[in-house]
Amino acid sequence: MDGLALIPQLFLCYLYLTGTLAYAVQLLFAYFSPLWTYEVCGRYVVFEWIQTILVILPAETILALRIYAMSGRRWYFIALLAPVIAVQFALAIFVVSQRGNIALPTVYYALADPFHVCILFPQLSIAKVDEAFLALTLAFDSIVFFLTLVLSFLGIRKAGRRTPILAALQCDGTLYFFAIFSGNLLWLIFSLHNRPSLKFIQAIPSLMLTSVMINRLNLSLKKTASKQFSINWSLDIFEQKANLQATLIASNDIVELQVLDTRYQRYQRVY
-6 MDGLALIPQL
4 FLCYLYLTGT
14 LAYAVQLLFA
24 YFSPLWTYEV
34 CGRYVVFEWI
44 QTILVILPAE
54 TILALRIYAM
64 SGRRWYFIAL
74 LAPVIAVQFA
84 LAIFVVSQRG
94 NIALPTVYYA
104 LADPFHVCIL
114 FPQLSIAKVD
124 EAFLALTLAF
134 DSIVFFLTLV
144 LSFLGIRKAG
154 RRTPILAALQ
164 CDGTLYFFAI
174 FSGNLLWLIF
184 SLHNRPSLKF
194 IQAIPSLMLT
204 SVMINRLNLS
214 LKKTASKQFS
224 INWSLDIFEQ
234 KANLQATLIA
244 SNDIVELQVL
254 DTRYQRYQRV
264 Y
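Counting in our numbering, the sequence shown runs from -6 upward without gaps.
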């Protein structure tokens, strides 16, 4: 199957299966519910990393396919971006599969800190893996942003004008980069410098923002393409109508000339 044909399937999977908003509502309930004890948190906290995988990796896959399409289906752009996604996936699976991961806050922090949260914190021997995951996310976003600008400028130069689709790709790519990059950067800074109970307080807002922005990218591109098709279809109809009118006029002129020629020949025979 062509890689570009996977975009609608990925979009539907991303929209209906990841359940980012439902996941956020569940966590908000858990954070403020007395039923969400430390034991319950330790049992189910691993799903936070799984949800992170389900949000970030499909989004990056869609962005990689956008770059592939903008480049004229040049495979080496996929070869550049795919290893980053693969390493992120491997890091996430590595963290989830390790024994010794703990749920924060611990009992000590739960008594000392007023914030009632539940986050997965890797064991100390691999504590930097989450930071490496976020750093790779920032690197991927930066590469995609740079390639989007370069390929859109090359497309404008080749087309001789700024087409609506190129303009949408350029503007949406810039908006996506600054929105998502800023959220993920805050996530990384808090992870590095905040106290344990607030290390990943930016995680849920960043995941929600990523989900909203990636869906906006797809809907905006689809809307722009639909408008462009409607304009081209209307122009084709008008051109066909004009050609038909010109043909009819030319046909009428020929008929009139033939009638006049017949009358002239009859006139010559009579006289």
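Each residue gets a CB set at the ideal place from its N, CA and C atoms; glycine is no exception. Everything numeric in this text was worked out from a predicted model, so none of it was measured.
The DSSP-derived three-state label of Ile112 is strand. Following the DSSP letters along the chain, one finds Trp68 inside the alpha helix (DSSP H) bounded by residues Trp68 to Ser90. Selection Ser90, Glu41 and Leu129 evaluated against Ile194 yields Glu41 as nearest (Cα-Cα).
Around the C-beta of Arg188, fewer than 16 other C-beta atoms lie within 10 Å, and the residue is accordingly described as exposed. A distance below 6 Å between beta-carbons, with the five flanking residues on each side excluded, links Leu181 to the following residues of its chain, in chain order: Leu127.
Non-local beta-carbon contacts of Ser90 in its own chain, meaning distances under 8 Å to residues more than five positions away in sequence, are absent. For Trp42, the enclosing alpha helix (DSSP H) begins and ends at Val39 to Met63.
Here the C-alpha atom of Gly35 lies approximately 8 Å from the C-alpha atom of Leu113. The C-alpha of Val33 is placed about 25 Å away from the C-alpha of Glu124. The Cβ atoms of Thr45 and Leu200 sit closer than 8 Å to each other. At a Cβ-Cβ threshold of 8 Å, Asp165 and Ser213 count as neighbours. Gln19 and Trp29 have their C-alpha atoms spaced approximately 11 Å apart.
A straight-line Cα-Cα distance of about 22 Å links Lys151 and Ile136.
Phe87 sits close to Val122, with the two beta carbons spaced by under 8 Å. Judged by DSSP secondary structure, Ile194 falls outside any alpha helix (DSSP H); it is assigned neither H nor E. Looking at the backbone, the Cα of Leu179 and that of Thr203 are separated by about 14 Å. For Leu162, the uninterrupted alpha helix (DSSP H) segment begins and ends at Pro157 to His186. Using a 10 angstroms sphere on the CB of Tyr69, the tally of other CB atoms stays under 16, which defines it as exposed.
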